[in-house]
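Following this note's numbering, the numbering of the sequence shown begins with 74 at its first residue and continues without gaps. Everything on this sheet refers to the single structure shown next.
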Amino acid sequence: MTQVPKPPDLLVVQNLCISFGGLKAVDDMSLTIRRGGIAGLIGPNGAGKSTLFNLIAGYHRPTSGRVLLDGEDITGEAPHILFGKGLLRTFQIAREFSKLTVRENLMMVPARQTGETYIGALLRPGRVRAEERALREKADEILEFLEITHVADLPAGSLSGGQKKLLELGRTMMAEPKIVFLDEVGAGVNRTLLYTIADAIRRLNRERGYTFCLVEHDMQFIAELCDDVTCMAEGRLLARGSVEDILSDEAVIAAYLGKGRAAKGTGLAGTEVEAVT
Ligand SMILES: Nc1ncnc2c1ncn2[C@@H]1O[C@H](COP(=O)(O)OP(=O)(O)O)[C@@H](O)[C@H]1O
Ligand SMILES: [Mg+2]
């Protein structure tokens with residue numbers, strides 16, 4: 074059998090549209106995400122970034138357009154199907170899990186390949202101990218990778234905002250994804266933990282081959298991590314290019330200024346924000 078080479082773009086979004094009432098939240102939006110890359114998605118508030126993520130990850134169904142993962146049409150597939158295919162978007166730790174420990178929150182994530190869950194394993198006592206041990210080892214390895222082993226036995230609800238973001242990232246790691254969508258992972262996170270998150274993303278990308286797409290308002294975070302940036306405004310593609318090109322693009326700056334999110338200095342990169350690494 075001849076091996077069909079994989080397309081260089083892991084994810085292809087073609088002409089996606091969705092409206093809420095009369096508002097075109099995502100309007101003929103196209104995007105490609107390179108395999109093994111860290112793509113950035115920026116744009117002023119209300120540009121449609123989160124809605125685009127929700128369309129890609131199966132939480133909204135587009136009125137038109139297509140999403141291809143590895144060449145396969147996944148448009149409108151349900152989130153759990155996409156999870157099985159290795160496409161994940163992180164979510165805040167649900168309130169009902171906040172009493173469980175950090176380690177338990179990791180062990181709850183279903184295995185991607187088999188759909189097996191911790192609870193499922195418990196129902197078959199013969200394999201319980203071996204499977205629980207394997208899950209626990211995997212969870213502990215992830216806690217170590219993310220440098221949060223010291224909070225393993227604390228309830229998830231007691232973590233700081235930044236530690237919760239790391240736990241969310243840890244939960245995606247349990248599933249061994251191909252591509253992860255992170256929506257404002259740095260929001261409300263202190264500088265030190267932001268460095269830790271940026272470092273974890275970079276290492277997951279380099280060492281484990283995860284592809285990322287990040288929405289983030291902190292331009293320094295985007296500049297440090299992303300090899301490719303797309304800017305949306307009013308539901309549409311505004312510009313795409315290297316970090317340098319996009320952050321000095323006049324249309325991009327105008328879109329931010331127009332929304333009152335003025336950047337200081339010569340471009341969006343010229344903010345007072347300190348370096349991430
Ligand atoms: N579920 C929804 N129902 C109605 N309007 C929505 C919904 N989700 C998003 N919107 C609207 O769609 C537009 C894009 O929102 P969003 O995708 O959250 O933007 P961003 O993430 O770029 O800030 C906004 O005008 C927002 O109010
Ligand atoms: Mg958003």
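For every residue, glycine included, the Cβ atom is placed at its ideal position computed from N, Cα and C. Since we're looking at a predicted model, the values are computed, not measured.
Got a sec, what are the start and stop residues for the alpha helix (DSSP H) L272 sits in? This sequence places Asp at residue 272; Leu is not what is there. Counting along the chain, the alpha helix (DSSP H) containing D272 begins and ends at R264 to R281.
In the DSSP assignment, find the alpha helix (DSSP H) that holds G259 and state where it starts and stops. Run containing G259: none; DSSP gives neither H nor E here.
Pick out whichever of V86, L277 and V99 has its Cα sitting closest to the Cα of A120. V99
Let's test the definition: count the other Cβ atoms within 10 Å of the Cβ of F93 and tell me whether it reaches 16, buried, or not, exposed. exposed
DSSP-derived helix/strand/coil call for D101: strand
Determine which residues share a DSSP beta bridge with Q87 and list them. R139
Any heavy atom of ligand 2 closer than 7 angstroms to the Cβ of V288? yes
Proximity test, K238 beta-carbon vs ligand 2 heavy atom, cut-off 7 angstroms: no
M181 - containing alpha helix (DSSP H), residue span: No alpha helix (DSSP H) holds M181; DSSP gives it neither H nor E.
Check whether the Cβ of S315 lies closer than 7 angstroms to any heavy atom of ligand 1, and answer yes or no. no
For G331, decide whether its Cβ has a neighbour in chain D, counting only Cβ atoms nearer than 8 angstroms. The chain inventory of the structure shown lacks chain D, comprising one protein chain alone.
Following the continuous alpha helix (DSSP H) through V316, name the residue where it begins and the one where it ends. V316 to L320
Ligand 1 and A98: does any heavy atom of the ligand fall closer than 7 angstroms to the residue's C-beta? yes
Taking only heavy atoms of ligand 2 into account, decide whether any of them is closer than 7 angstroms to the Cβ of D256. yes
Residue closest to L310, alpha-carbon to alpha-carbon, out of L89, K79, I115 and M102: M102
Output the boundary residues of the beta strand (DSSP E) element that contains A130. Careful: A130 lies outside any beta strand (DSSP E) and carries neither H nor E.
Quick one: using the 10 Å Cβ neighbour count with 16 as the cut-off for buried, is G188 buried or exposed? For G188, the predicted structure reports a pLDDT of 49, less than 50, and the residue's modelled location is therefore unreliable. The matter cannot be settled from this model.
Whole angstroms are fine: how far does the CA of V253 sit from the CA of A151? 16 angstroms
At a threshold of 7 angstroms, does K122 count as lining ligand 1 (C-beta to nearest heavy atom)? yes
Keeping to the same chain, check which residues put their C-beta closer than 6 angstroms to that of A212; ignore five residues upstream and five downstream. R176, L179 and M180
Quick check on the burial criterion: 16 or more other C-beta atoms within 10 angstroms. Buried or exposed for I295? buried
Taking the alpha-carbon positions, what's the L298 to A271 distance? 7 angstroms
Determine the extent of the alpha helix (DSSP H) in which F156 is found, giving its start and end residues. P152 to G157
Taking the alpha-carbon positions, what's the N263 to V316 distance? 23 angstroms
Relative to the C-alpha of A328, which candidate in A248, E307, R313 and D318 has its C-alpha closest? E307
The region 277-296 contacting the region 229-240, beta-carbon criterion three pairs below 8 angstroms: no
Below 8 angstroms on the Cβ atoms is my contact criterion, and I expect R162 with D256 to pass it. Report the Cβ-Cβ distance as a whole number of Å. 7 angstroms
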